[in-house]
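If you want our numbering, it's the position in the sequence shown, counting the first as 1, plus 6. Glycine included, C-beta positions come from ideal geometry on N, C-alpha and C. No experiment lies behind these values; they were computed from the predicted model shown. Working notes for the structure below.
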Amino acid sequence: MSKVEPFPNAAQTLHLPGPAGRIELVVDVPETDSKRNVVAIICHPHPLHGGSLHNKVVTILERALRELGAKTVRFNFRGVGESEGSHDEGRGETLDLLAVADWVHKALPDHDLWLAGFSFGAYIALLGARHLPAKLMVSIAPPAGRWDFAAVLPPDCPWLVVQGEADDVVDPQEVYRWIDGLAEKPTLVRMEDTGHFFHRRLMDLRGAVKNGVRKLLPPERHG
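Following this line, the structure appears as structure tokens:
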């Protein structure tokens with residue numbers, strides 16, 4: 007059995023073996039006084055439209071979850087940055103997520119898993135949730151109407167959706183119709199006058215995520 011790469015105790019870039027070759031990822035850890043036994047994996051937007059782990063929405067989402075006490079993992083899908091392989095229309099990207107989650111589970115088996123994603127990344131996180139024991143889901147601008155959301159099942163955990171009302175990439179009405187048709191609905195936060203990339207609203211997004219997640223989770227235990 008191959009040795010499992012240990013989870014870093016400080017911010018670090020790693021390369022892990024994946025289904026299409028090497029996967030590039032970045033780990034960040036919270037301040038010592040706010041730690042939870044949680045790892046949040048965050049998925050980036052569409053690789054063919056400039057999406058990467060360095061996307062501003064992804065990094066603000068990472069910051070919000072880390073400030074809530076989670077260790078965080080951002081990774082590049084196949085064919086992005088230093089991750090090997092090529093874009094696979096969501097199928098291979100879901101396998102990339104599962105590979106990263108498998109490493110997290112083996113490295114930190116006593117930690118809960120949170121999943122999060124922006125745009126295409128929100129779609130992949132939801133697909134991955136069918137196979138993973140997620141304890142929390144955060145979806146930023148999930149691209150309903152642009153991808154096959156018939157294959158998406160509501161995650162069996164607390165779930166926050168944040169959608170900009172002026173999104174010019176993902177039709178907000180498609181998102182709302184999709185949510186209305188779900189048997190188990192998420193907590194939905196609508197941000198007025200906000201486009202797809204949250205320009206000039208990133209700090210507001212950070213607050214919406216932190217406040218929304220706090221309301222969904224039990225209080226953090228100390229001692």
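Integer Cβ distance of residue i from residue j, believed to fall under 8 Å
i, j, result
"P164", "L223", "7 Å"
"V79", "L31", "6 Å"
Nearest-angstrom Cα separation, counted from residue j out to residue i
i, j, result
"E171", "A147", "10 Å"
"I185", "G134", "18 Å"
"V10", "L20", "13 Å"
"H205", "P12", "36 Å"
"P53", "T65", "16 Å"
"D154", "W109", "28 Å"
"V168", "F124", "10 Å"
"V35", "L121", "16 Å"
"K221", "A70", "14 Å"
"V181", "L208", "20 Å"
"A76", "P139", "16 Å"
"V219", "D94", "31 Å"
Pair within 8 Å by beta-carbon distance, residue i and residue j
i, j, result
"I47", "V106", "yes"
"T193", "L211", "no"
"L74", "K216", "yes"
"G127", "H50", "yes"
Other residues of its chain near residue i: CB distance less than 6 Å, five sequence neighbours each side excluded
i, result
"G229", "Residue confidence is low: G229 scores 46 on pLDDT, short of 50, so the model does not pin down where it sits. No coordinate-derived value is stated."
"E190", "P160"
"R28", "H21 and E90"
"R84", "A26, G91, G98 and D102"
Opposing strand residues paired with residue i [DSSP bridges]
i, result
"T193", "L166"
"S5", "Because the chain in this structure spans residues 7 to 229, residue 5 falls outside the shown range and cannot be described."
"V33", "Q18 and V79"
"A150", "W153"
heavy atom of the ligand MN below 7 Å from residue i C-beta
i, result
"G127", "Only the bare structure without any ligand can be found here, which leaves the ligand MN out of the picture."
Proximal residues to residue i (C-beta, below 7 Å), its chain only, five neighbours per side dropped
i, result
"N43", "D116, H117 and D118"
"R196", "Q169 and E171"
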